[in-house]
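Below you'll find the structure, written out as structure tokens, and then a few comments.
This is how it looks when you write it as structure tokens:
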């Protein structure tokens, strides 16, 4: 199911000039069905913690870029591409204790009580594809937050960094 992905290329790496917390952002891109280009934003924070977001290139300046839905019927391959990049980076950074986190963005009609549909889907993907013997899987369903923490990392410090990173993202 997650074997077919689109080729991904690195576009740019930029330092976070205005932040003392967010270290840098690496932007990747891939072209999906019907010439639809997607961007993957990989933000790096202290403690080798990274967040990953993705959106259509056409929506990159929209306030709703991470909650937008399309009718292209290509979601599995798009998710496979993003998750595949994340797994490659986790494997490459295994010795360096690289960790990841994400927020499953809510669709406008989802209420605040339950976890979002995206969170539940992404959670299941992570549990199936990321080895629990090498990574801790931590979640906060009410915040739609999911963390994949390398067992070599200091989990307490990574959680503290993740909380601050997610709070900063909510402010933006």
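In this note's numbering, the protein residues as written are 59 to 230. From the three backbone atoms N, C-alpha and C, an ideal C-beta is built for every residue, glycine too.
query                                                                                                               : result
CA-to-CA distance, residue 93 to residue 152, given in whole angstroms                                              : 34 Å
Integer Cβ distance of residue 97 from residue 110, believed to fall under 8 Å                                      : Contact doesn't hold; Cβ gap of about 11 Å is too wide.
Where the beta strand (DSSP E) through residue 81 begins and ends                                                   : Taken as a continuous stretch (DSSP letters only), residue 81 belongs to no beta strand (DSSP E), as it is neither H nor E.
Buried or exposed (CB count within 10 angstroms, at least 16 for buried), residue 167                               : exposed
Cutoff 6 Å; reference residue 196; Cβ partners in own chain excluding five residues on either side                  : 205
Residue 83 to residue 102 span [Cα, whole Å]                                                                        : 6 Å
Residue 114 to residue 65 span [Cα, whole Å]                                                                        : 15 Å
Per DSSP, cross-strand counterpart(s) of residue 111                                                                : 99
Other residues of its chain near residue 69: CB distance less than 7 Å, five sequence neighbours each side excluded : 85, 86 and 87
Nearest-angstrom Cα separation, counted from residue 112 out to residue 225                                         : 18 Å
Buried versus exposed, by CB contacts within 10 Å (16 or more), residue 141                                         : buried
Start and end residues, alpha helix (DSSP H) containing residue 180                                                 : 175–187
C-alpha distance - residue 179 paired with residue 154, whole-angstrom precision                                    : 28 Å
For residue 116 and residue 136, the rounded distance between their alpha carbons                                   : 15 Å
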